[in-house]
Amino acid sequence: MENVQNLSKEASELLDLTHNNKKDLVAMLAPSFIVDFDYPEIVRMLKKLGFKYVVEVARGAEMTNSQLLALTKLHPDRKYITNPCPTIVRLIKSKYPQLLEYLAPIDSPMSATAKIVDKEWPGLKKVFIGPCLMKKFEANEDRKELNILAITFRDLQQVFDIKKIKPRALLKLRRVSKKNEFDIIGGHTRLYPISGGLAQSSGITKKLTDAEYDVISGPNNANKALSEFLSKSELKILDILNCDGGCINGPGMNSKASLDERRKRVIDFYEKK
Ligand code: SF4
Numbered sequence: 001m002e003n004v005q006n007l008s009k010e011a012s013e014l015l016d017l018t019h020n021n022k023k024d025l026v027a028m029l030a031p032s033f034i035v036d037f038d039y040p041e042i043v044r045m046l047k048k049l050g051f052k053y054v055v056e057v058a059r060g061a062e063m064t065n066s067q068l069l070a071l072t073k074l075h076p077d078r079k080y081i082t083n084p085c086p087t088i089v090r091l092i093k094s095k096y097p098q099l100l101e102y103l104a105p106i107d108s109p110m111s112a113t114a115k116i117v118d119k120e121w122p123g124l125k126k127v128f129i130g131p132c133l134m135k136k137f138e139a140n141e142d143r144k145e146l147n148i149l150a151i152t153f154r155d156l157q158q159v160f161d162i163k164k165i166k167p168r169a170l171l172k173l174r175r176v177s178k179k180n181e182f183d184i185i186g187g188h189t190r191l192y193p194i195s196g197g198l199a200q201s202s203g204i205t206k207k208l209t210d211a212e213y214d215v216i217s218g219p220n221n222a223n224k225a226l227s228e229f230l231s232k233s234e235l236k237i238l239d240i241l242n243c244d245g246g247c248i249n250g251p252g253m254n255s256k257a258s259l260d261e262r263r264k265r266v267i268d269f270y271e272k273k
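So that you can map any letter, position 266 of the sequence shown is 266 in full-length UniProt numbering, and since no number is skipped, the others follow by simple counting.
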């Protein structure tokens with residue numbers, strides 16, 4: 001049983017928000033959620049916890065893709081580094097400042113989803129739930145104006161434990177009723193948490209030649225790719241994530257499954273879209 005004292009600051013804040021329905025809450029669920037939780041059971045559990053709406057961050061990722069494609073159309077000769085990973089953004093700021101000008105000036109899927117939610121339901125409290133500890137910094141430092149509370153899947157599981165909210169045990173009990181479905185759904189971008197998901201879901205893999213885009217994950221590979229970025233004259237898009245294999249391997253996940261099993265869960269869910 002989880003103890004309130006063991007909670008992160010952000011998980012405590014969520015717990016506080018759910019007490020006495022202090023504010024209407026919107027859950028923005030990162031696409032790797034399917035590694036740690038079942039759908040649609042997770043929607044039922046979040047609504048039981050007190051969320052009014054539950055949306056897929058994969059929808060915001062569609063906006064990220066559109067913004068990147070618009071940039072490449074506007075500046076076909078420019079090189080870009082993708083920005084959804086806040087660890088990579090910080091690595092560039094601290095170790096490769098000469099590359100800052102190549103970071104694509106676009107919304108990350110979290111920020112894009114927050115904007116969609118604000119338009120749909122103005123004034124509600126947005127809670128991003130994902131696999132990433134660094135998203136807390138993106139929310140609190142980089143995109144403070146969007147007023148997002150960012151927590152991890154591990155934080156969420158701790159809050160579920162405290163509130164004694166459990167998934168229903170038998171599959172046959174999991175009736176898919178309308179109220180257990182996402183209020184805003186994603187599409188191709190459900191592939192985003194797998195390394196290369198951005199390149200594939202945006203269509204870059206078809207639009208550009210092999211030499212014009214690179215897909216990189218893992219800290220060692222990321223450092224190498226960033227140090228070689230300027231010397232690769234044909235390279236136009238560097239799709240880069242810090243965790244090995246992508247966000248499905250993020251540090252805020254509960255799963256102990258292998259990378260292959262995690263990848264399979266994301267692909268299976270993507271194919272159900
Ligand atoms: S790759 Fe890792 S560090 Fe980067 S956004 Fe995903 S979970 Fe966070």
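By construction, the Cβ of each residue, glycine as well, lies at the ideal position given by its N, Cα and C atoms.
Give every residue of the same chain whose Cβ lies closer than 7 Å to the Cβ of Glu10, excluding the five residues on either side of it in the sequence, and list them in chain order. Cβ within range, chain order: Lys136, Leu149, Ala150, Ile151 and Asp155.
Run of the beta strand (DSSP E) containing Gly60, from where it starts to where it stops: Gly60 -> not in any beta strand (DSSP E); alpha helix (DSSP H) instead, spanning Val57 to Leu74.
Ligand 1 and Met134: does the residue's C-beta get closer than 7 Å to at least one heavy atom of that ligand? yes
So, Gly186 versus Ala61, is the Cβ gap smaller than 8 Å? yes
With hydrogens ignored, establish whether the beta-carbon of Gly60 is closer than 7 Å to any heavy atom of ligand 1. no
With hydrogens ignored, establish whether the beta-carbon of Leu29 is closer than 7 Å to any heavy atom of ligand 1. no
Compute the beta-carbon to beta-carbon distance between Val117 and Val55, rounded to the nearest angstrom, for a pair I have assumed lies under 8 Å. Between Val55 and Val117 the Cβ distance is about 6 Å, and since that is below 8 Å, they are a contact.
When you compare the CB positions of Pro131 and Ser32, do they come within less than 8 Å of one another, or not? yes
With a threshold of 7 Å (Cβ to nearest heavy atom), would Pro76 be considered close to ligand 1? no
Could you check if Gly246 is buried or exposed, using at least 16 other CB atoms within 10 Å of its CB as the buried criterion? buried
In angstroms, rounded to a whole number, what distance separates the CA positions of Asn242 and Leu259? CA-CA distance, Asn242 to Leu259, rounds to 15 Å.
Return yes when at least one heavy atom of ligand 1 lies under 7 Å from the C-beta of Leu198, else no. no
Nearest CA to the CA of Ile237: which residue from Gln200, Ile248, Val266 and Lys22? Gln200
Quick check on Lys125: does DSSP put it in helix, strand or coil? Lys125 sits in a strand when the DSSP states are folded into three classes.
What are the boundary residues of the beta strand (DSSP E) that includes Thr152? Ile148 to Thr152
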